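Presented below is the structure to which this report refers.
Numbering (our numbering), first residue to last: 1052 to 1283.
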């Protein structure tokens, strides 16, 4: 099975106090993400789950270790090269939807298409966006602004925005963390259904046992170590 992403012996420390003593957050972690795989990373608050996801998504850099995305060793890539890689290969969903309040739902969803200079490519992207909006049940809310939407609707729009560029890897950081139980269950089902339909791989950081159970493999992060707990 094709390897989409690989972390090898990743280490990350943060300064713990004014004495500049360092606290290890990730201590020699390795992780492989294969094509069409779904992974959940669980663990207590402060264990480094978000740090791990940000390193996998090239938003943060480790102190040491190897990162390969789409077969490319990214250690010596420039920030502009990493940005290009992120925009075409990775989609991000966060706990907060981060929709721009002055834009409509449709305008927010189309934001990832703005860097595209090719008109035909933008048109294809817009058609895909409208299809995903309909798939997620938001087609009657195209011109509503975030303040006019429910939290669940905003989070579904954020999922569409993350998928509009057809990424091969979706990274989700507590995507149901701001939702009530009903909306969290709805979004969890939606993510797993879209994964099967769109054939992307997914890594989800979550405190939710229900959402974690929807993933094929579940890891627990603690004391800087990443240990598998279950495989579907």
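Glycine is no exception: its CB is placed at the ideal position from the N, C-alpha and C atoms.
Computed from a predicted model, the values in this text were never measured in an experiment.
Simplified DSSP assignment, three categories, for residue i
{"i": "residue 1066", "result": "strand"}
{"i": "residue 1184", "result": "helix"}
{"i": "residue 1140", "result": "helix"}
{"i": "residue 1086", "result": "coil"}
{"i": "residue 1100", "result": "helix"}
{"i": "residue 1094", "result": "coil"}
{"i": "residue 1170", "result": "helix"}
{"i": "residue 1273", "result": "strand"}
{"i": "residue 1230", "result": "coil"}
{"i": "residue 1080", "result": "strand"}
{"i": "residue 1243", "result": "helix"}
{"i": "residue 1283", "result": "Low confidence applies to residue 1283: its pLDDT is 49, below 50, so where it sits in the model is not reliable enough to give any reading."}
{"i": "residue 1189", "result": "coil"}
{"i": "residue 1261", "result": "helix"}
{"i": "residue 1107", "result": "helix"}
{"i": "residue 1029", "result": "As displayed, the chain neither begins before 1052 nor continues past 1283, which places residue 1029 out of reach and without an answer."}
{"i": "residue 1278", "result": "strand"}
{"i": "residue 1266", "result": "coil"}
Contacts around residue i, its chain only, beta-carbon distance under 7 Å, and the 5 residues preceding and following it disregarded
{"i": "residue 1246", "result": "1089, 1253"}
{"i": "residue 1147", "result": "1229"}
{"i": "residue 1076", "result": "1063, 1064, 1065, 1099, 1102, 1275"}
{"i": "residue 1116", "result": "1058, 1059, 1060, 1061, 1062"}
{"i": "residue 1278", "result": "1270, 1271"}
{"i": "residue 1170", "result": "none"}
According to DSSP, residues forming a beta bridge with residue i
{"i": "residue 1253", "result": "1089, 1221"}
{"i": "residue 1073", "result": "1066"}
{"i": "residue 1115", "result": "1062"}
{"i": "residue 1054", "result": "1085"}
{"i": "residue 1236", "result": "Residue 1236 is not bridged to any residue."}
Residues near residue i by beta carbon distance below 6 Å, same chain, minus five either side
{"i": "residue 1283", "result": "Only weak support is given to the placement of residue 1283: the predicted model assigns it a pLDDT of 49, under 50, and the value that follows is read from those uncertain coordinates. Result list for residue 1283: 1267, in chain order."}
{"i": "residue 1108", "result": "1141, 1222"}
{"i": "residue 1163", "result": "1215, 1216"}
{"i": "residue 1121", "result": "1140"}
{"i": "residue 1273", "result": "1094, 1098"}
{"i": "residue 1263", "result": "1091, 1093, 1257, 1269"}
Exposed unless 16 or more other CB atoms sit within 10 angstroms - verdict on residue i
{"i": "residue 1074", "result": "exposed"}
{"i": "residue 1250", "result": "exposed"}
{"i": "residue 1212", "result": "buried"}
{"i": "residue 1224", "result": "buried"}
{"i": "residue 1155", "result": "buried"}
{"i": "residue 1188", "result": "exposed"}
{"i": "residue 1280", "result": "exposed"}
{"i": "residue 1240", "result": "exposed"}
{"i": "residue 1235", "result": "buried"}
{"i": "residue 1168", "result": "exposed"}
{"i": "residue 1260", "result": "exposed"}
Cβ neighbours of residue i in the same chain (closer than 8 Å, five flanking residues each side left out)
{"i": "residue 1149", "result": "1209"}
{"i": "residue 1198", "result": "1152"}
{"i": "residue 1207", "result": "1187, 1188, 1189, 1238, 1241"}
8 Å contact criterion, which residue i and residue j should meet: CB distance rounded
{"i": "residue 1053", "j": "residue 1256", "result": "Between residue 1256 and residue 1053 the Cβ distance is about 23 Å, and since that is not below 8 Å, they are no contact."}
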